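> Per numbering that gives the first Met the number 0, the sequence shown starts with residue 0, numbered consecutively.
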Amino acid sequence: MKTLIFGGGGPPIAPDAVAIFTRHLPKDSNILIASLEREGWQAYMPKYTSGLMEAGYDNIDFFAVSGPDDSEALTQAIKQADALIIGGGDTVKYQQYFAADARVARQIKTMYEAGKPIMGFSAGALISPACCIISPNDNEAQSLLIKEGIGLLQDVAISVHYTAWQDRDNLSAGMRQTNITRGFGIDDDAYLLKVGDEYSCIGSVYVHTEREGRIEVQSMHVK
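#1: Is it true that the stretch 100–113 meets the stretch 45–60, where meeting means three or more beta-carbon pairs spaced less than 8 Å apart?
#2: Below 8 Å on the Cβ atoms is my guess for K115 versus D81; work out the distance and round it to an integer in Å.
#3: Helix, strand or coil for Q94, going by three-state DSSP, please let me know.
#4: Closest to M219 by CA distance: which of R210, E211, D186, G148 is it?
#5: Going along the chain, which unbroken runs of the alpha helix (DSSP H) with 4 or more residues stay wholly within the stretch 133–214?
#6: Suppose only complete runs of 4+ residues qualify. What are the alpha helix (DSSP H) ranges in the stretch 36–63, listed by chain order?
#7: Looking at C200 and the ligand MG, is the gap between the Cβ and the nearest heavy atom below 6 Å?
#8: Which value, in whole angstroms, describes the spacing of the CA atoms of E36 and A42?
#9: Let's see if you can read the secondary structure: which residues bound the alpha helix (DSSP H) around I77?
#10: Checking contacts by CB at 7 Å: is S70 closer than that to chain C?
#11: Have a look at G212 and L144 and give me their C-alpha separation to the nearest angstrom.
#12: Of the choices A99, I149, G88, whose alpha-carbon is the least far from that of E112?
#13: Among L24, V64, G55, which has the Cα closest to the Cα of W40?
#14: Who are the Cβ neighbours of D137 in its own chain at under 6 Å, not counting the five residues just before and after it?
#15: Name the two residues that bound the continuous beta strand (DSSP E) containing I109.
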C-alpha cells in the first residue's frame, strides 16, 4: 500500500512512525537515507537509523548529495532501494537536487507508485508535493518561494516547523498564490501520514482548507 510519512522536524523517528513505515517491509529490506553532503553528516545518521535498527532493520544505505553531478548515482540508489527517507537541511538545495532534477524526481515517483514507503523530514517533506512552498523562515532571501516539487501529492501544500516558525500565514499565502485548496502545517516532533488515500497524523498537525476564498484552519485528529 502506498505510504508517505512527513516529519515536521528532524529525527530520531518516532516509534509509531517507524511501525507504519515498515509495516509491509521484510526485515532484510534495503532502506536508503538520502540527504545533503555537509560537514558532520555521517555523525548525524544514527539519529535516523536508531529507531529502524531497534525494530530489526539494519540493511540501511546512505547517499549524501554534493551537487548536480550526483544525479545518476542518486537515481540508481533510489531505484535499488525498498524504502526511502529524505532528510532535512537546506530546502532550496534539496529542491534543486531531488525535485527540479527530473530524473531523480521521476524515480522517486516510480518508487511511490510501486508501493514502496517514503518518508521525508522537514525539507524532505516540503519538496514532496507537486508544489514546494518554502517559508521566508527557510531561505536566505527571507521571502516566500514557490518551487516545483517531486509530485507525490497533488493540490496539497506542506509547512514544517509550523508552530515554531509561526508559519500559519505563510502556508495560507502560499496556498493562495498556487490555488491549492488544502495544506498541512506539521509541528516539530509531529508527522503527517498518508496510507493509501487516508490522511492521519502523529502529534500536532494543522489543516488549512480553502472554502469560498477563505482559508480555514483546524487541528487534525491525532492518531
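Backbone N, C-alpha and C fix where the C-beta goes; we use that ideal spot for every residue, glycine too.
The model shown is predicted, which means the values in this text are computed figures rather than measured ones.
The relevant details are as follows:
#1: Taking 8 Å as the limit for Cβ pairs, the verdict is that the stretch 45–60 does not touch the stretch 100–113.
#2: Reading the sequence shown from its first residue, position 116 is the one you call residue 115. Reading the sequence shown from its first residue, position 82 is the one you call residue 81. Yes, K115 and D81 are in contact; Cβ-Cβ is about 6 Å, under 8 Å.
#3: Numbered from its first residue, the sequence shown carries residue 94 at position 95. Shown here, Q94 sits in a helix according to DSSP, grouped into three states.
#4: Indexing the sequence shown from 1 puts residue 219 at position 220. Scanning R210, E211, D186, G148 for the CA closest to the CA of M219 turns up D186.
#5: Correct list: 167–177.
#6: Listed in chain order, they are 40–53.
#7: With respect to small molecules bound, the structure shown includes none, and the ligand MG cannot be examined in it.
#8: To locate residue 36, count along the sequence shown from 1; it is residue 37. To locate residue 42, count along the sequence shown from 1; it is residue 43. Computed Cα separation, rounded: 12 Å.
#9: Here residue 77 refers to the residue found at position 78 when the sequence shown is read from its first residue. Unbroken alpha helix (DSSP H) run through I77: 70–79.
#10: Looking at the structure shown, chain C is missing, and only one protein chain is on hand.
#11: Taking the sequence shown and counting its residues from 1, one reaches residue 212 at position 213. Taking the sequence shown and counting its residues from 1, one reaches residue 144 at position 145. Near 21 Å, if we compare the C-alpha coordinates of L144 and G212.
#12: Mapped onto the sequence shown, residue 112 falls at position 113. Nearest C-alpha to E112: I149.
#13: Reading the sequence shown from its first residue, position 41 is the one you call residue 40. Closest option to W40, Cα to Cα, is V64.
#14: Residue numbering aside, residue 137 sits at position 138 when the sequence shown is read from its first letter. Taking D137 as the centre and dropping the five residues before and after it, the same chain places the C-beta of T90 closer than 6 Å to its C-beta, in chain order.
#15: To locate residue 109, count along the sequence shown from 1; it is residue 110. With the sequence shown as reference, residue 109 is identified as Thr, and Ile is not the correct amino acid for it. From DSSP, T109 is part of no beta strand (DSSP E) but of the alpha helix (DSSP H) over 101–112.
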